[in-house]
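**Student:** Take a look at the following structure, please.
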Amino acid sequence: TDGNRSVGPTWLGLFGAQELLDDGTTISVDEAYLLKSILDPNSQIVEGFLPDLMPKIYENTFSQAEIDDLVAYIQSLGN
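Counting the sequence shown from 1 gives a position; our numbering is that position plus 2.
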């Protein structure tokens, strides 16, 4: 969360940002986008990043409360 890009976009300042996807569309990073990205990581790939790098097991690994906490943490890093 230091602002540097890695396997995916940095979480620092991510919430509320606009992201260009590899299909040419632009999305606003909101709670719905974060939930979808955690549960179905290949559904919307940010331009410049590769698909199939994030695990697709979070829905079966973490409780809904834990996923909600992760979304809240990313949200707290703001924009």
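The beta-carbon is built from N, C-alpha and C at its ideal position, and this holds for glycine as well.
Do you know how far the Cα of residue 24 is from the Cα of residue 50?
**Tutor:** Approximately 7 angstroms between the Cα atoms of the pair.
**Student:** How far does the beta strand (DSSP E) with residue 30 in it reach, from first residue to last?
**Tutor:** Note, residue 30: beta strand (DSSP E), 28-30.
**Student:** By alpha-carbon positions, which one of 21, 34, 5, 57 ends up nearest to residue 73?
**Tutor:** If we check each option's Cα against that of residue 73, 34 comes out closest.
**Student:** What's the gap between the Cα of residue 30 and the Cα of residue 21?
**Tutor:** Spanning the two alpha carbons is a distance of roughly 6 angstroms.
**Student:** Leaving out the 5 sequence neighbours to the left and right, which residues in its chain are closer than 7 angstroms to residue 40 when beta-carbon positions are compared?
**Tutor:** Excluding residues within five positions, the ones whose Cβ falls inside 7 angstroms are 60, 69, 72.
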